Structure formats: structure tokens, C-alpha cells
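J.: Its first residue numbered 104, the sequence shown is counted upward by one per residue in our numbering.
Sharing a structure here in C-alpha cells format.
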Amino acid sequence: MVKMRRKYSKIAVYTIFLCFILFFSKAEISIAEGNIIYVDDGGAGDYISIQEAINNAKLGDTIYVLSGIYEENIVIDKSITLMGFGAGEKTIKGVSATPATHVIRISANYVNISGLTIQDPQGPEMKCVQLNLSLIHI
Numbered sequence: 104m105v106k107m108r109r110k111y112s113k114i115a116v117y118t119i120f121l122c123f124i125l126f127f128s129k130a131e132i133s134i135a136e137g138n139i140i141y142v143d144d145g146g147a148g149d150y151i152s153i154q155e156a157i158n159n160a161k162l163g164d165t166i167y168v169l170s171g172i173y174e175e176n177i178v179i180d181k182s183i184t185l186m187g188f189g190a191g192e193k194t195i196k197g198v199s200a201t202p203a204t205h206v207i208r209i210s211a212n213y214v215n216i217s218g219l220t221i222q223d224p225q226g227p228e229m230k231c232v233q234l235n236l237s238l239i240h241i
């Protein structure tokens, strides 16, 4: 019985000590956030092409697209956020590289797209956005 009490006493002391360390320590726990990338077809951003920004983005990055008409088809193959930023219209206009091309093809989970106009898919039965996976928010 005495051994059991000592065992529980040691556990209680270690638990209190651990709580004390965690509560009063100045260590900060942070969640890694992605970088912010700017796209401006006029050259004032990090990139002039949305696809170039996507190619150079890392998981969790946010790509802000400034106003302009971006004539390109894009493929999103990683978890990123793609957002229109600032005043003015932000349009991704599909171009015909082949007879059948989607404007945006998404093949990654956790993709967020907002604040953009997507238009002009090329070819019969093509869509502005093709989704290859779930967990996508548009």
C-alpha cells in the first residue's frame, strides 16, 4: 500500500512539474503558414503569370492575383489559395493550346479559389474548371 502511494505521489509530482513548465515557459508554438505571392500582368508582382506563380508556390501558399486579364490555362497540383486581390477585374481567360482545354484543372486537395472570373473554355464539352479530387473550395 505504501509503495502504491509513493508511485502515485511521484506521478503527481511529475505531472505538476510538467504543467508548471508548460504554463510558465515562454516557448511559443506556431503553425507554419504559407508565403504570399503576388501576380501582376503589368510586372509589379512576383510573377506575371498565374501558372508560373503556382509552379513556384509551396504547399499552403497564398497567391494574390492583381487586376488584369490573364490569358492562360492553369493546372493547380498542390494545396494553395488563389485569390483575386485589390480593385478591378481579375479574369483568367482560357487559351486554346489543344482542341479541348479546361481553363483551370485542379488535381490537389485543399485548394481555395476566390475573387476571380474564369471564362472561355476551349473545345466542346470543356469546362471553366475541371476538378479531379475532392476537398476543393471555390
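The C-beta atom is built at its ideal place from N, Cα and C for all residues, glycine as well.
These figures come from a predicted structure and were not determined experimentally.
(1) Looking only at C-alpha atoms, which of Asp-223, Gly-187 and His-205 sits nearest to Gly-215?
(2) Flag this pair as yes or no: are the beta carbons of Ile-209 and Asn-176 separated by less than 8 Å?
(3) Taking C-alpha atoms, which residue in Ala-190, Glu-174 and Lys-193 lies nearest to Thr-204?
(4) If you drop the 5 nearest sequence neighbours on each side, which residues of the same chain put their C-beta closer than 6 Å to that of Lys-161?
(5) With the cut-off set at 8 Å, would you say Ile-153 and Ile-183 are in Cβ contact?
(6) What does a CB cutoff of less than 6 Å around Asn-159 pick up in its chain, not counting 5 residues either side in sequence?
(7) Near Ala-156, which residues of its chain fall below 6 Å by C-beta distance, leaving aside the five closest residues on each side in sequence?
(8) Given this structure, state the Cα-to-Cα distance separating Gly-145 from Ala-190, to the nearest angstrom.
(9) Checking the sheet assignment: what are the DSSP bridge partners for Ser-174?
(10) Which of helix, strand or coil does DSSP assign to Asn-139?
(11) Out of curiosity, what's the CA-to-CA distance linking Pro-224 and Ser-170?
T.: On the basis of the supplied data:
(1) Here residue 215 turns out to be Asn, not Gly, going by the sequence shown. For the residues Asp-223, Gly-187 and His-205, the minimum Cα distance to Asn-215 belongs to Gly-187.
(2) No.
(3) Out of Ala-190, Glu-174 and Lys-193, Glu-174 has the C-alpha closest to the C-alpha of Thr-204.
(4) Residues of the same chain with a CB within less than 6 Å of the CB of Lys-161, apart from the 5 flanking positions on each side, do not exist.
(5) No; because the gap between Cβ atoms is not below 8 Å, this pair is not in contact.
(6) Around Asn-159, the same chain offers no residue with a beta carbon nearer than 6 Å, after the five sequence neighbours per side are excluded.
(7) So the list reads Ile-140, Val-142, Tyr-150 and Ile-166, once near-sequence residues are dropped.
(8) CA-to-CA, the gap between Gly-145 and Ala-190 works out to about 14 Å.
(9) Sequence check: residue 174 is Glu here, not Ser. Looking at the DSSP output, Glu-174 sits in a beta bridge with Lys-196.
(10) Checking the displayed sequence, the identity of residue 139 turns out to be Ile instead of Asn. Reduced to three states, the DSSP call for Ile-139 is strand.
(11) Using only the alpha carbons, I get a separation of about 20 Å.
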